[in-house]
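Working notes, structure below.
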Amino acid sequence: MPPTFLTRNQVISVFVLAIAAALIAYTQRSPQVDTANMSKSLNVFKQPLSLHSTSPMTGFLRNGYCEVPSSDFGNHAVAAEVTEEFLTFSAAQGNDLRVIPGMKAGCKWCLCASRWLEAFEARGREKDGDKIVPKVWLKATNEKALGKINLEDLKAFAKDAE
542 MPPTFLTRNQ
552 VISVFVLAIA
562 AALIAYTQRS
572 PQVDTANMSK
582 SLNVFKQPLS
592 LHSTSPMTGF
602 LRNGYCEVPS
612 SDFGNHAVAA
622 EVTEEFLTFS
632 AAQGNDLRVI
642 PGMKAGCKWC
652 LCASRWLEAF
662 EARGREKDGD
672 KIVPKVWLKA
682 TNEKALGKIN
692 LEDLKAFAKD
702 AE
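For the sequence shown, the residue numbers in this note's numbering are 542 to 703.
What follows is the structure in structure tokens.
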């Protein structure tokens, strides 16, 4: 009996089934933790620092984390979500963040602890009050923020729970 060959359509069907099986296996695998790219820093709760934002890419090191290396004299430790009022306030203080491509209200950004504190302290005398103080993601806020800011003040503007 002569050998049987698959038709073109049968070959394509087998190929599609193999790809589908591989995709199903890939999506059902155990999630892997990319420890090589994780921050070694701690958050305000002394737990591993969470990723804050990659769009726009934030952090002093532009790695998405609010890390504070020794070269970061501005202490970009506060993981915040900026408001239009804060952007206006910051620009009035001489730091117009709107020059950063894609920066607009709602963006997550690692702020200097001193600038966040300035907004916090100015809230009573500014027209927009609490709107100028950016909300904070505590799990992504570096513990080094606590050198300038009281944890209770950060918690008052927290977007995430403990």
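For every residue, glycine included, the Cβ atom is placed at its ideal position computed from N, Cα and C. Values in this document were obtained by computation on a predicted structure and should not be read as measured data.
The closest CA to that of residue 599, considering only 644, 583 and 626, is found on 644.
Here the alpha carbons of residue 617 and residue 608 stand approximately 7 Å from one another. Counting other Cβ atoms within 10 Å of its Cβ, residue 682 reaches 16 or more and is therefore classed as buried.
Under the three-state reduction of DSSP, residue 693 is assigned to helix. DSSP places residue 678 in no beta strand (DSSP E); its state is neither H nor E.
Spanning the alpha carbons of residue 654 and residue 613 requires a straight line of approximately 11 Å. Collapsing the DSSP output to three states places residue 654 in a helix. DSSP places residue 699 outside any beta strand (DSSP E), giving it a letter other than H or E. Non-local C-beta neighbours of residue 638 in its own chain, meaning closer than 8 Å and more than five positions away in sequence, comprise 623, 628, 631, 632, 644 and 650, ordered along the chain. In terms of Cα proximity to residue 696, the closest of 687, 596, 685 and 679 is 679. DSSP lists 584 as the beta-bridge partner residues of residue 683.
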